[in-house]
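There are 2 protein chains.
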Amino acid sequence: MPRYADMSKVELEAAKKTVEQEFLEYKAQGLALDMSRGKPSAAQLELSMPMLDVLNSEADFKSADGTDCRNYGVLDGLAEAKALLAGMLEDEPKNTIIFGNASLNMMYDTLARCMAFGTLGSTPWGKLDEVKWLCPVPGYDRHFSVTEAFGITMINIPTNEAGPDMDIVENLVKDDDTIKGIWCVPQYSNPEGITYSAEVVRRLASMECAADDFRIFWDNAYCIHHLFDEVENQDCVLDIGLACRAAENPDRYFKFVSTSKITFPGAGISGLAASSANITEIKKRMAAQTIGHDKLNQLRHARFLVDANGLSAHMKKHAAIIREKFELVCEKLDTGLNENGCGTWKTPRGGYFISFDAPKGTATRIVALAKDAGVVMTGAGATYPYGRDPLDSNIRIAPTLPPLEELEAAMDVFVCCVKLATLEKLLA
Amino acid sequence: MPRYADMSKVELEAAKKTVEQEFLEYKAQGLALDMSRGKPSAAQLELSMPMLDVLNSEADFKSADGTDCRNYGVLDGLAEAKALLAGMLEDEPKNTIIFGNASLNMMYDTLARCMAFGTLGSTPWGKLDEVKWLCPVPGYDRHFSVTEAFGITMINIPTNEAGPDMDIVENLVKDDDTIKGIWCVPQYSNPEGITYSAEVVRRLASMECAADDFRIFWDNAYCIHHLFDEVENQDCVLDIGLACRAAENPDRYFKFVSTSKITFPGAGISGLAASSANITEIKKRMAAQTIGHDKLNQLRHARFLVDANGLSAHMKKHAAIIREKFELVCEKLDTGLNENGCGTWKTPRGGYFISFDAPKGTATRIVALAKDAGVVMTGAGATYPYGRDPLDSNIRIAPTLPPLEELEAAMDVFVCCVKLATLEKLLA
Chain H
1 MPRYADMSKV ELEAAKKTVE QEFLEYKAQG LALDMSRGKP SAAQLELSMP
51 MLDVLNSEAD FKSADGTDCR NYGVLDGLAE AKALLAGMLE DEPKNTIIFG
101 NASLNMMYDT LARCMAFGTL GSTPWGKLDE VKWLCPVPGY DRHFSVTEAF
151 GITMINIPTN EAGPDMDIVE NLVKDDDTIK GIWCVPQYSN PEGITYSAEV
201 VRRLASMECA ADDFRIFWDN AYCIHHLFDE VENQDCVLDI GLACRAAENP
251 DRYFKFVSTS KITFPGAGIS GLAASSANIT EIKKRMAAQT IGHDKLNQLR
301 HARFLVDANG LSAHMKKHAA IIREKFELVC EKLDTGLNEN GCGTWKTPRG
351 GYFISFDAPK GTATRIVALA KDAGVVMTGA GATYPYGRDP LDSNIRIAPT
401 LPPLEELEAA MDVFVCCVKL ATLEKLLA
Chain L
1001 MPRYADMSKV ELEAAKKTVE QEFLEYKAQG LALDMSRGKP SAAQLELSMP
1051 MLDVLNSEAD FKSADGTDCR NYGVLDGLAE AKALLAGMLE DEPKNTIIFG
1101 NASLNMMYDT LARCMAFGTL GSTPWGKLDE VKWLCPVPGY DRHFSVTEAF
1151 GITMINIPTN EAGPDMDIVE NLVKDDDTIK GIWCVPQYSN PEGITYSAEV
1201 VRRLASMECA ADDFRIFWDN AYCIHHLFDE VENQDCVLDI GLACRAAENP
1251 DRYFKFVSTS KITFPGAGIS GLAASSANIT EIKKRMAAQT IGHDKLNQLR
1301 HARFLVDANG LSAHMKKHAA IIREKFELVC EKLDTGLNEN GCGTWKTPRG
1351 GYFISFDAPK GTATRIVALA KDAGVVMTGA GATYPYGRDP LDSNIRIAPT
1401 LPPLEELEAA MDVFVCCVKL ATLEKLLA
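For the record, the sequence lines run as chains H and L. If you count by the numbering used here, then the first sequence holds residues 1 to 428, one letter each, in order. If you count by the numbering used here, then the second sequence holds residues 1001 to 1428, one letter each, in order.
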């Protein structure tokens, strides 16, 4: 079959009729499938069930340093939890703070502190007339919601296989001191699954910024979330801390990780690493906000996951469950859409998403069609600030939650919807 | 023995010599005792150990509405957790939001939202030149740290047996629209153990405020923390929500509770209740901050504590452990200090503290002496904004943490230090 773009009107109309029929058949099945969010599947959650037996009523509730984890105290986290997450953060425990049940809250609070208090002596960002922020696109909708909540003006930054377009970034930050930061998901990015090149990381670390208090919000959410066990098939982003120290901008970054997609989403632990000056300031501010985060949950995680080896072994079990889901999605896209030329996509080696770029101006329609046929996708536009995708093209596919057979059905519907929306567009 | 104030100089010097000798004997014992914080004792923590078996690896992880509590979602809390805390909040579940592991974080975040965004359309407090806050004194040091962190000017409000002095409060708020709120611990207050009278609650609810966005931060931390099982020996503060609705100021309050002193401090759940307008706004703001708090811990609490009856039965077990500690402290103060006239104190019927007012100008010295003899008290001044007690008089006694025999030893030291500091002062 030729590419749709090469077809005559008569051929397109015939193709559309066929695809419409196919769509009606899917719709008649009354499906209720969900590929909208990066949620682990039930099978993945089962992997961490033994963690809940680690702290039963007979357990020892003292941390390694003798702290009774059932009582108040320990602002910045148990030593064993710091050691565990410092490994993921590629930093030292002393530069690490353990936060609560999710990294989103930690990132919001980190930005909220900068808004209310500034950072390392700078003017509180909330006191400025305007604050701007760089948003590599497509990106993570919840990041954009955080900056939007604080009234920060978001600037789209195109990305390529190596990360954000650094020529554009460097040009913007060198003259505009109202640009205070950038969102980065540097490894297996959300949604594209790309990993920043070492050069991109070094340029982010070393670029000249008009704002002394420019901060890289480094959300390394997928730092150990590989799809393949062999190291040669895994990505590994250069540590932004290392790069910033080398560039003599040691305070430029905040690194974030969590166990949300390792143990239980919403019932995990999260961690931040930064320079010792930043850590000192954050601890001072935190001391007014909390006596300390949930140490029982920290102890559970430290005892269950143990160390980097324990984490790695655990993540391989996740990969064994989700790898075939990613492969299925790519295969369905390949067989269903390649020959028609309906869109492009990337094949990631880790993370939680496949980023699909539909023909220009069709994403909203595709998502609406899919919903009509019982398949919920992430909303079109969600991967852009303010929910506005200027090309109406990008759709984030989240394959982890549905069981394999449901995913297969959902992808058949999705492929059909992409074809139908593309044909509608070509005939409009 | 006569009161110190009635003694001659010679008598005082003789008394001081005796007390100094006593002090040196205590010091020689090398004690290491802590009455500084309102921490539950190990025996109290044991009461909640069965809660940790509620969610083992064999448990059902679905909430009543079928939500898998191990995965993402549920911004405002599980229905069963809302029902449980709504009871403590004396409000409806629909006006309740469940937060994370501690009420301090929830109160800080509530204030932070008002600073960044205002409340119900008002100017963000952080945009104003000055924000002032009413602080009934003596009060809770961590409350004062929160307002101080945001640069809010704190105003001391004297309290009496019925709560804050409402004549002063009403006079201040009616003309000054920069006064945006008040901290209240309305039942078994920290540190005085008093409970606001119904009249005080009604006046707080109905007073004329120059600031439309004046907010009562109602930290009902000790709402079910009675020392006695008989209802006639329990305090019960009038619900501020009820009073505010009756006064047609329905949006004036935020009510806070937590399970920190019910199950595990730092590993509990917390809840906020407010008017439906406030709840709607908070949920909207929260949606940028978090996907939801730890639902596994919410489920644990709901299944373990069940309902108001379960809570009440559980709190009686706490009372059985701590009641005799309070009685011991009061007895030690009575026998040791009454006849000398060294200070005054209140005998609470609930809560976590006994508030001791030493002779003017001696509190700092007493705390220093006690520390020297191995007994850590809450810092002098801690119960006042900025850590400044204008009379250098109030000391908060926290009797719950030490075992009874340690508490007895610590109180003997404390009584000795009060006598010594008083004698030093009289002879200075």
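Virtual Cβ for every residue (Gly too), placed ideally from N, Cα, C. On a predicted model such as this, the values are computed, not experimentally measured, just so you know.
Report the residue from L:Gly1121, L:Glu1192 and L:Leu1328 whose alpha carbon sits nearest the alpha carbon of Pro1399 of chain L.
-> On the second sequence, residue 1399 of chain L is found 399 positions in, with the first residue counted as 1. Pro1399 of chain L has its Cα closest to that of L:Leu1328, out of L:Gly1121, L:Glu1192 and L:Leu1328.
Residues of the region 256-267 of chain H with a CB closer than 7 Å to any CB of chain L: list them in chain order, please.
-> Phe264, Pro265, Gly266 and Ala267
Looking only at its own chain, which residues have a Cβ that is under 8 Å from the Cβ of Leu1055 of chain L, when we skip the five neighbours before and after it?
-> Within the second sequence, numbered from 1, the residue matching residue 1055 of chain L stands at position 55. If we look at Leu1055 of chain L and ignore the five residues flanking it on each side, its Cβ neighbours are Phe1061, Leu1296, Leu1299, Arg1300 and Arg1303.
Kindly say whether Pro1359 of chain L, judged by its beta-carbon, lies nearer than 8 Å to any beta-carbon of chain H.
-> Translated into the one-based positions of the second sequence, residue 1359 of chain L becomes position 359. Not an interface residue.
Exposed unless 16 or more other CB atoms sit within 10 angstroms - verdict on Asn309 of chain H = Here the question's residue 309 of chain H lines up with position 309 in the first sequence. Looking at its Cβ environment, which holds fewer than 16 other Cβ atoms inside 10 Å, Asn309 of chain H is exposed.
If you check the beta carbons only, do Leu1033 of chain L and Val1375 of chain L fall under 8 Å apart?
-> In the second sequence, residue 1033 of chain L corresponds to position 33, counting from 1. In the second sequence, residue 1375 of chain L corresponds to position 375, counting from 1. Yes, Cβ-Cβ distance for Leu1033 of chain L and Val1375 of chain L is below 8 Å.
Is Leu1128 of chain L helix, strand or coil when you go by DSSP?
-> Your numbering for residue 1128 of chain L matches position 128 in the second sequence. The answer is coil: DSSP assigns Leu1128 of chain L none of H, G, I, E or B.
Exposed unless 16 or more other CB atoms sit within 10 angstroms - verdict on Ser48 of chain H | As a working note, residue 48 of chain H is residue 48 in the first sequence. The residue in question, Ser48 of chain H, is buried, as its Cβ has 16 or more Cβ neighbours within 10 Å.
Counting along the chain, where does the alpha helix (DSSP H) carrying Ile168 of chain H start and finish?
-> For this step, residue 168 of chain H is matched to residue 168 along the first sequence. That run of the alpha helix (DSSP H) goes Met166 to Asp175.
Excluding the 5 residues preceding and the 5 following Phe264 of chain H in the sequence, name in chain order all residues of the same chain whose CB lies nearer than 7 Å to its CB.
-> The residue given as residue 264 of chain H occupies position 264 in the first sequence. So the qualifying residues of the chain are Leu45 and Ser48.
Looking at Ile397 of chain H and Phe356 of chain H, is the spacing between their C-beta atoms short of 8 Å?
-> On the first sequence, position 356 is the one that residue 356 of chain H refers to. On the first sequence, position 397 is the one that residue 397 of chain H refers to. Yes. Within cutoff.
Pick out whichever of H:Thr67, H:Tyr196, H:Thr153 and H:Ala277 has its Cα sitting closest to the Cα of Cys236 of chain H.
-> For this step, residue 236 of chain H is matched to residue 236 along the first sequence. For the residues H:Thr67, H:Tyr196, H:Thr153 and H:Ala277, the minimum Cα distance to Cys236 of chain H belongs to H:Tyr196.
List the residues of chain L that Ala175 of chain H touches, going by C-beta distances under 9 Å, in chain order.
-> Numbered from its first residue, the first sequence carries residue 175 of chain H at position 175. Strictly speaking, residue 175 of chain H in this sequence is Asp, with Ala absent from that position. Going along chain L, no residue has its Cβ under 9 Å from Asp175 of chain H, so there is no contact; the nearest lies around 27 Å.
Anyone know if the C-beta pair for Trp218 of chain H and Gly181 of chain H falls short of 8 Å?
-> Residue numbering aside, residue 218 of chain H sits at position 218 when the first sequence is read from its first letter. Residue numbering aside, residue 181 of chain H sits at position 181 when the first sequence is read from its first letter. Taking 8 Å as the Cβ cut-off, Trp218 of chain H and Gly181 of chain H do not qualify as a contacting pair.
My guess is that Arg3 of chain H and Gly341 of chain H are in contact by the Cβ rule of under 8 Å, so how many angstroms apart are they, rounded?
-> Locating residue 3 of chain H in the first sequence gives position 3, where the first residue counts as 1. Locating residue 341 of chain H in the first sequence gives position 341, where the first residue counts as 1. With a Cβ gap of about 4 Å, Arg3 of chain H and Gly341 of chain H count as contacting.
With distances taken between CB atoms, is the gap from Gly1100 of chain L to Asn71 of chain H smaller than 8 Å?
-> On the second sequence, position 100 is the one that residue 1100 of chain L refers to. On the first sequence, position 71 is the one that residue 71 of chain H refers to. Not closer than 8 Å, so no.
According to the neighbour-count rule (16 or more other Cβ atoms, all chains shown, within 10 Å of its Cβ), is Arg142 of chain H buried or exposed?
-> Position 142 of the first sequence, counting from 1, holds the residue named residue 142 of chain H. Looking at its Cβ environment, which holds 16 or more other Cβ atoms inside 10 Å, Arg142 of chain H is buried.
How should Val1010 of chain L be labelled, buried or exposed, when 16 other C-beta atoms within 10 angstroms of its C-beta is the threshold for buried?
-> Taking the first residue of the second sequence as 1, we reach residue 1010 of chain L at position 10. When all chains shown are included, Val1010 of chain L counts as exposed.
Beta-carbon gap between Lys1419 of chain L and Ser1393 of chain L smaller than 8 Å = On the second sequence, position 419 is the one that residue 1419 of chain L refers to. On the second sequence, position 393 is the one that residue 1393 of chain L refers to. In this structure, Ser1393 of chain L does not lie closer than 8 Å to Lys1419 of chain L by Cβ.
Taking Ser145 of chain H as the query, report the chain L residues whose CB atoms sit under 7 Å from its CB, ordered along the chain.
-> On the first sequence, residue 145 of chain H is found 145 positions in, with the first residue counted as 1. Result: Ala1288.
Count the other C-beta atoms from every protein chain shown that fall within 10 angstroms of the C-beta of Arg1252 of chain L, then say buried if there are 16 or more, exposed otherwise.
-> Locating residue 1252 of chain L in the second sequence gives position 252, where the first residue counts as 1. By the 10 Å Cβ count, Arg1252 of chain L comes out buried.
CB contact below 8 Å: His1301 of chain L versus chain H = If you number the second sequence from 1, residue 1301 of chain L lands on position 301. Taking Cβ atoms only, chain H never reaches closer than 8 Å to His1301 of chain L, which makes this a no.
Which partner residues does Ser270 of chain H have in the DSSP bridge list?
-> Counted from its first residue, the first sequence places residue 270 of chain H at position 270. According to DSSP, Ser270 of chain H bridges with H:Phe99 and H:Ser258.
Which residues mark the beginning and the end of the beta strand (DSSP E) in which Val1329 of chain L is found?
-> As a working note, residue 1329 of chain L is residue 329 in the second sequence. It is not in any beta strand (DSSP E) - Val1329 of chain L instead sits in the alpha helix (DSSP H) that spans Ala1308 to Leu1337.
Run through DSSP, which three-state label would Glu1065 of chain L get?
-> For the purposes of this step, residue 1065 of chain L is identified with residue 65 of the second sequence, where counting begins at 1. The sequence given here places Asp at residue 1065 of chain L; Glu does not occur at that position. DSSP places Asp1065 of chain L in coil when its eight states are reduced to three.
Apply the 10 Å Cβ neighbour rule to Leu52 of chain H and answer buried if 16 or more other Cβ atoms are within range, or exposed otherwise.
-> The residue you call residue 52 of chain H lines up with position 52 of the first sequence. Leu52 of chain H comes out buried.
Start and end residues, beta strand (DSSP E) containing Arg396 of chain H = Looking up residue 396 of chain H in the first sequence gives position 396. Start and end: Asn394 to Ile397.
Between Arg396 of chain H and chain L, is there a C-beta pair that is closer than 8 Å?
-> Taking the first residue of the first sequence as position 1, residue 396 of chain H is located at position 396. No, Arg396 of chain H does not count as interfacial toward chain L.
Same chain, Cβ closer than 7 Å to Cys1135 of chain L, neighbours up to 5 away in sequence not counted | Position 135 of the second sequence holds residue 1135 of chain L. Excluding residues within five positions, the ones whose Cβ falls inside 7 Å are Phe1144, Met1154, Ile1155, Asn1156, Ile1157, Trp1183 and Pro1385.
Kindly indicate which residue of L:Lys1017, L:Leu1084 and L:Pro1138 has the alpha-carbon position closest to the one of Ile1395 of chain L.
-> Taking the first residue of the second sequence as position 1, residue 1395 of chain L is located at position 395. Ranking L:Lys1017, L:Leu1084 and L:Pro1138 by Cα distance to Ile1395 of chain L puts L:Pro1138 first.
Assumed close pair Leu111 of chain H, Phe150 of chain H - CB separation to whole angstroms, cut-off 8 Å | Here residue 111 of chain H corresponds to residue number 111 of the first sequence, with the count starting at 1. Here residue 150 of chain H corresponds to residue number 150 of the first sequence, with the count starting at 1. So it is a contact: roughly 6 Å between Cβ atoms.
Roughly how many angstroms lie between the CA atoms of Ala370 of chain H and Val19 of chain H, to the nearest whole one?
-> In the first sequence, the residue the question calls residue 370 of chain H occupies position 370. In the first sequence, the residue the question calls residue 19 of chain H occupies position 19. Approximately 13 Å between the Cα atoms of the pair.
Compare the beta carbon distance of Asp946 of chain L and Ala1086 of chain L with 8 Å and say whether it is the shorter of the two.
-> Lying outside 1001 to 1428, the shown extent of chain L, residue 946 of chain L is not represented and no answer is given.
Could you tell me which chain L residues have their CB closer than 7 Å to the CB of Met115 of chain H, listed as they occur along the chain?
-> Indexing the first sequence from 1 puts residue 115 of chain H at position 115. Ordered by position in chain L, the residues that pass the 7 Å Cβ test against Met115 of chain H are Ala1116.
The region 1162-1175 of chain L touching the region 1194-1208 of chain L, judged by at least three CB pairs closer than 8 Å | yes
Scan the region 1301-1315 of chain L for residues whose Cβ lies nearer than 9 Å to a Cβ of chain H and list them as they occur along the chain.
-> none
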